[in-house]
């Protein structure tokens, strides 16, 4: 008993794809949404001096700031409107899921099916706005503390920065939900994936430049590449791994003939948690 995705992949041909209007619409919608996301990572916050910001960021990009910048598709380094990315939503989702195992009200909502799930999603959205507001205010204060980054520091800049960053996160949250409903795949995962992939060429070029300058040996660079390939292969293996449970159908009589029972299998995904 193959899954629906496996049956679709086995039966789909190029000619069938050309006539699959619904699938093409979903693919184009997904690509358009990701394009909008990438454009947003290049729109800076109002009141920021790009040169001063670049000078400050170049001194801190090797730490945790650089990691957040990679997940945000470079939006942190440019201090764009999508600098917070979708991370407040992910954090809120994790917190709500943990609370749903301990808070009686959330436990009851989990048992109410689709209605309860919608209510939990609404709580997640409210928590996302709250977290994004706190993080946005922290970023605004941090930018004011960096010399020369903010053109006109003060209450107006903090307010506008918080509103812009929170609005960017809410828009990405909505965009991810739209991709999930009208596009291909999980919208939140695709947004994170697009941000990471966009930064890979720059990271690879930087690594090769360090090798050219002698800061990294050829052996270390090769070891890093082998490790990256091995990790990707392991992730793909775990995502595709299945445990197949044997399903035996009983014998049945059709007219005067006794039909033997068929054997099939029920595929259970090994990594049911997924990526996000």
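Residue numbers (our numbering): 196 to 471.
We put the CB at the ideal spot given by N, CA and C, even for glycine.
Count Cβ pairs between the stretch 404-415 and the stretch 282-297 that sit closer than 8 Å; are there 3 or more?
Short answer: they don't touch.
Take the Cβ of residue 356 as the centre, count every other Cβ of all protein chains shown within 10 Å, and call the residue buried at 16 or more, exposed below.
The residue given as residue 356 occupies position 161 in the chain shown. So residue 356 ends up on the buried side.
Nearest to residue 398 by CA position, among 262, 301 and 457, is which residue?
Your numbering for residue 398 matches position 203 in the chain shown. Of the candidates 262, 301 and 457, the one whose C-alpha sits nearest the C-alpha of residue 398 is 262.
Around the C-beta of residue 364, are 16 or more other C-beta atoms found within 10 angstroms, so that it is buried, or is it exposed?
Position 169 of the chain shown, counted from the first residue, corresponds to residue 364. That one is buried.
In chain order, what residues of the same chain have a beta carbon less than 8 Å from the beta carbon of residue 439, not counting five sequence neighbours either side?
As a first step, residue 439 is located in the chain shown; it is residue number 244 there, counting from the start. Same-chain partners within the cutoff: 460, 461, 462 and 463.
Does the beta carbon of residue 466 fall short of 7 Å from some heavy atom of the ligand GTP?
Within the structure as shown, the ligand GTP is missing, as the structure has no ligands at all.
Note down, in chain order, each residue of its chain lying with its Cβ closer than 8 Å to the Cβ of residue 436, except the 5 sequence neighbours on either side.
Within the chain shown, numbered from 1, the residue matching residue 436 stands at position 241. 464, 465 and 466, listed in sequence order.
Would you identify the three-state DSSP class for residue 295, choosing helix, strand or coil?
Sequence index remark: in the chain shown, residue 295 carries index 100 (1-based). If DSSP states are grouped into helix, strand and coil, residue 295 belongs with coil.
Can residue 391 and residue 282 be called in contact, C-beta distance under 8 Å?
Sequence index remark: in the chain shown, residue 391 carries index 196 (1-based). Sequence index remark: in the chain shown, residue 282 carries index 87 (1-based). The answer is no: Cβ separation not under 8 Å.
Taking all protein chains shown into account, decide if residue 368 is buried (16 or more other Cβ within 10 angstroms of its Cβ) or exposed.
Here the question's residue 368 lines up with position 173 in the chain shown. It is buried - the Cβ of residue 368 has at least 16 other Cβ atoms within 10 Å.
Going by Cα to Cα distance, which pick from 427, 345 and 354 is closest to residue 249?
The residue labelled residue 249 in the question sits at position 54 within the chain shown. It is 345 whose Cα lies nearest to the Cα of residue 249.
Determine whether the Cβ of residue 423 lies closer than 8 Å to any Cβ atom of chain D.
The structure shown contains no chain D, having only a single protein chain.
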